[in-house]
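Residues in the sequence shown are numbered consecutively from -11, following the working numbering.
Just so it is clear, CB atoms sit at the ideal spot from N, CA and C, and this is done for glycine as well.
Here the structure is a predicted model, which is why all the values come from computation and not from measurement.
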Amino acid sequence: MTRIARTDTLDPALLARFRRDTLLLAKAAEGVSTIEDVQKVTSAIKQWRDQFDTFTATLRQDLEARLRDADRPYDSAYNPNPPDKGDAQAYLERALAPMWEFGYELNGAPRRDLQLTDSRGNPWKPPEQAFEETVNFYLDRGYAATREDAIREAQRYHDRYPLSTRAEAEAATVAKWKVDAAKWARRLREKARKAWDTLGRYAEWLNSWRGGQRPLEVVTPDEEIVSLAGFRVVFRGFAESPYKEKLAAVRAGLERYRKGAAARAPVVLKHTPPIFIEWTFEPTTGGDVAGYYAYNGRVNITPWVIGDDIDRFVKTLAHEVGHHIVHTVLSKDAFSAWSQFVRGDYRDLNLREALAVMDRIGASDVFDKSLMADDPILHLQLSTLMHDPSYRKDDFLFADRIREYLEHGGNPVVRVPVHPITGYAGKNAEEAFCEAVGNLVAYGTKAVPDVVLGMLRSVLGDGVRIASASRVAWAGGACNPNAMSTAWITPDGDVIPVPPGQTHSEWANRHLDDDDAFMAQGYGPARYLTDTLGWVRLVNAYTVETGPRGASDRAMQAVVGILVDCVLARRDIDPESDTMTLGIGSNTRRPTVADFVAEFGTRQQSDALYGGLLTRQWGRTAATRPRYKDKKEVPKADGSGTTTVYVYGPRQVMNRHKDKAERIEGLRKSIGDLRKRVKADLKSDDVETRLTALGVALIDHTFERVGNPSSAEDGHFGVTGWLVKHLTFGKGGATIRYTGKSGVKHEKTVNDPLLLKALKKAVKGKQGDDALCGGVTPSMVNDYLREFGITAKDLRGLHANREMQERLRALRREGPDLPRPRKERDAILKGEFKEALEATAEAVGHEPSTLKNQYLVPWLEDAYMKDGTVLDRLDKKAATATELYFAYGSNLDPVAFSHRIPDSVPVGRAVLPGYRTRFVDIPDGTPGAKENVEPSDGSEVQGFLYRVPTHGFDHLDEYEGVPSGHYRRVKVDVRCDDGRMAEAHTYISNYHHRGNPSHDYAAHIERGESHWDVAPRTATKTEAEREDDEAERLVRKSPKLKPSRDDSKRERMRVSDPDTGGRDRDLSLNYKDNG
């Protein structure tokens, strides 16, 4: 029940809420159907009455306070003509009189303590107890001599007046209560109208008085919906006088939260759940708490979180809303991508080095302000150890504790995040996400590392507003390719940023002004640092300079770390094609980003680069999936203009299938709620609501289309176009005969009692050409269904898939056992599926091809054709509608493969025995040879297994060139990492002519072998291959003679060519290279 809302003025909005609440109260009282409903409504009436009484009492107190203020000297200047007290009192009395009548009516509501009555109106008792009391009555009054006689008399009496069961008594009680409640509700509406009108006139008078601008003082009930800063917030335990200042701070915090979320994270503002502010917590005893409750989707927070910092309140609120987004907004794939990013964003930290920093600046603990100022990253990294279960017992918060730990032989290396968000955001991916969201909303992008911002954008899409790729938010740092003086890097790998406004040389001059060695040589400061000391000059992440002897491994690894961060943060860099500039003394190289990372980085940095790109791709796919591949305008057949044709690639088709399955599966779960709503609305007094519900019920019952007006004009009808003359009532049912889409005649039967009753009510008083559902349109039906997240077509889709499932189950039960040979089994299953498809198409009024392409979930057929399995869940296809795929060659590359099949699931390494790999040239293919496998006794191919949705192989077939004959898909037996054998798909080419792969293709293979730790191929030939080569050489034919150029001119050939007798036979024009 909506409760009285706090407001700053007695405005029309408050009165409108009062009117709405009254109507809701009356409607709820009339709509009860169970004892539990009655108890809930009576409880709501009592609660609302108590709040209303409190409100009316405080109205008088408020007016008296205003008049007292008006009598004060300083207020007399502000209000030179204060109202007469008598007039003000009269105004209030005229306003309160009808409100008291309304309150009296509230008190006259049906009682809450219900006394169950039987069918005769007597207090109800359990049948056993009532029967025993009747027996005792006959004995006590002497109407029966023995107990047996009394039992017989009691039985005779109750045969005439049967005892009521509890259910019957409850039904009788509820029926009587509904009659009383209906009478009361009518009186309540009448009294309410008068009360609100007079209160409105009082409000106009009060607000016209200048003193009326003073906020209205209304005491808040124990739990109350409050309007603050545009949010509807629930207050608990609020009292005006002690919490007045804190209330202003809460309002300011909510306003700042709204502005921050709207500017930087609109997804947070859009999905903010109900906010409960707990004033009941004591501010001194753990009152600064907050939490998200997933079971009812709300955020609880105490006002004491604010303290002296409103931003802390904003950050905490946004953090808890982040939990709500994780549970309700993020897809499974998107959160998986975020989790992998968090787990992968860790590096080793040496506690000895951290302790040296703390000792150097005199920091005694992690939270020392000097450490925060000198090295904020180290401060946050050490803070995360407090929340890491692996280190919590070691207590690394204090320098003395760290020193003691190291002196006792503790492991100096700990794992910390590379890009820490807060000390609380550690390995727990959900908490890290919420901390990032909280910092972004409260403090802006400066409080979130750039790479974390990029990942947030990946998983939330446009729900996070940071600069786009063309105008990146971190343009002032190393990631900006136009930056000229970013940092110096020492041989130990320490990064020293160059302050804004300085160049590398200016910084070096200041750094070396007291260095005697520098002053004694003739180099400039920058050359001295690079050439003599081995420093690295970082112009920006993509331009680096070293001395002629290069730089240390640690310095170059620091450069790689910065480069990897920038590649992952920006979205416009392709490591395989984009280059960077590396100056080594006077020489310049321009390797690709990927080659630079491979040459100078560590294995972990390479994994971080490609793992980050992989998760970024998964996040992008989860956040924004293109709905179509392309669209184009084509002329209409009648020449009247153009129409838009959408081109769908295999991935878009896959996404559409997936979305359709998820909608239908969601409807399968919620169809009960929809039918319950329809059942209630079929009894509604509102004609439009009742007829719209009738249209939905008929679609659900008959599986028919919703229809459209233009088709109805052509004589083709859907549900919303059915006419009264289409309907015929018979014994126990009704028949609807009509012409549907494409001129197909249909006949539907309705036998549901509630639907029959609604149909009879709908046609009452109508003529044959009147619409059965009145003025209900298809858009009205879909608006009705939108609350459940579906359309009328989804209802038909649900029934089509259900009908298909039932028919397939019946055919499989009655069908023969499936033989082992695949060919025979496929023939049986194909015939059964065709039979079920034709029967279902007839039931739902479709052509079989239309039913299959437009309504059926495709993996229903995939699963059945595999082994006769009928799916129970249409969206849970991993267990039955996926198959194993053995990847080798470029498909080993996880980044590339995730682009091709986003729904694939990595399984593990595997070996294909009895085969070997070979690079072969494929005619009309892309440049460079491609890897192939061919049979070879005693050999084996190492690869990787994926679990791929059955429909995903269509996309793989297209990529591998199966339609063009480049490869063919076959099933092979592979040996998994655990030793078991499994059947998997793979691709084999019919071409065998050897060739050399392109550099890019080989890089894909090497990256995949490195990522999955698959043993690389070797270039050595087996004994069998060497024998084949020798045999081929021996049987190769000698080159043939051809006419010389002179012979061709004379159109005749010499008998001999003098060049053939010379030492160099290759000069002869009669020889050519057939190789």
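Query	Result
Using the Cβ count rule (16 or more neighbours within 10 Å means buried), how would you classify glutamate 802?	exposed
On the DSSP bridge assignment, give the partners of isoleucine 294 in chain order.	For isoleucine 294, which the question treats as bridged, DSSP gives no partner whatsoever.
Going by DSSP in three states, glutamate 1074 sits in which element: helix, strand or coil?	Residue 1074 is absent from the structure shown; the chain starts at -11 and stops at 1063.
What is the DSSP secondary structure of aspartate 336, counted as helix, strand or coil?	strand
Give the straight-line distance between the Cα atoms of phenylalanine 219 and alanine 435, rounded to the nearest whole angstrom.	26 Å
Can the beta-carbon of threonine 260 be found closer than 7 Å to that of valine 309?	yes
I need the DSSP call for threonine 273, collapsed to helix, strand or coil.	For threonine 273, the pLDDT reaches just 43, beneath the cut-off of 50, and the residue's location in the model is therefore unreliable, although a value from the coordinates is still provided. The answer is coil: DSSP assigns threonine 273 none of H, G, I, E or B.
Using the Cα positions of alanine 514 and tryptophan 495, report the straight-line distance between them to the nearest angstrom.	9 Å
Is it right to say glycine 535 is buried, meaning 16 or more other beta carbons lie within 10 angstroms of its own, or is it exposed?	buried
In three-state terms, what does DSSP make of serine 977?	strand
In the DSSP output, which residue or residues are listed as bridge partners for asparagine 528?	Thr531
Going by the beta-carbon positions, is the gap between alanine 788 and tyrosine 843 smaller than 7 Å?	yes
So, for alanine 746: in the same chain, excluding its five sequence neighbours on each side, which residues have a beta-carbon less than 6 Å away from its beta-carbon?	Leu670, Leu682
When you compare the region 162 to 170 with the region 15 to 23, are there three or more beta-carbon pairs, one atom per stretch, that lie closer than 8 Å?	yes
Could you work out which residue in Val29, Pro405, Tyr955 is closest to alanine 596 when comparing CA atoms only?	Pro405
For glycine 819, count neighbouring C-beta atoms within 10 Å of its own C-beta (all shown protein chains included) and say buried if the count is 16 or more, exposed if not.	exposed
Can you tell me whether arginine 578 is buried or exposed, with buried defined as 16 or more other CB within 10 angstroms of its CB?	exposed
Work out the CA separation of glutamate 826 and glutamate 835 for me, nearest whole Å.	8 Å
Tell me the DSSP secondary structure of serine 927 in three-state form.	strand
Distance, Cα to Cα, tyrosine 852 vs arginine 784?	21 Å
Looking at the structure shown, is lysine 752 part of a helix, part of a strand, or coil, going by DSSP?	coil
Quick check: the Cα distance between threonine 723 and proline 741, rounded to an integer number of angstroms?	14 Å
Thinking just about the alpha-carbon of each residue, which of Cys554, Arg537, Gly512, His981 is nearest to the one in tyrosine 530?	Cys554
Please report the residue range of the alpha helix (DSSP H) in which phenylalanine 119 lies.	115 to 128
What's the C-alpha gap between alanine 237 and leucine 556?	39 Å
What residue does the alpha helix (DSSP H) around isoleucine 265 start on, and which one ends it?	Counting along the chain, isoleucine 265 falls outside any alpha helix (DSSP H), though it belongs to the beta strand (DSSP E) covering 263 to 266.
Distance, Cα to Cα, leucine 343 vs aspartate 362?	13 Å
Considering only the alpha carbon of each residue, which of Asp1001, Val895, Asp912 lies closest to alanine 1068?	No information on residue 1068 is available, as it lies outside the stretch -11 to 1063 that the chain covers here.
Less than 7 Å between C-beta atoms, sequence neighbours within five positions excluded: which residues of the same chain meet that for alanine 132?	Tyr126, Ala138, Glu141
Between the alpha carbons of proline 809 and leucine 817, how many angstroms are there, rounded?	13 Å
Considering only the alpha carbon of each residue, which of Asp702, Val899, Lys664 lies closest to phenylalanine 776?	Lys664
Would DSSP call valine 684 helix, strand or coil?	helix
Can you round the beta-carbon distance between proline 766 and valine 694 to whole angstroms, since I take them to be within the 8 Å contact cut?	5 Å
Which residues bound the alpha helix (DSSP H) around threonine 372?	364 to 372
Going by the beta-carbon positions, is the gap between alanine 685 and leucine 743 smaller than 7 Å?	yes
Just to confirm my understanding: we take arginine 906, look at its own chain, exclude 5 residues before and 5 after, and list those with CB closer than 7 Å. What are they?	Asn920, Glu922, Arg982
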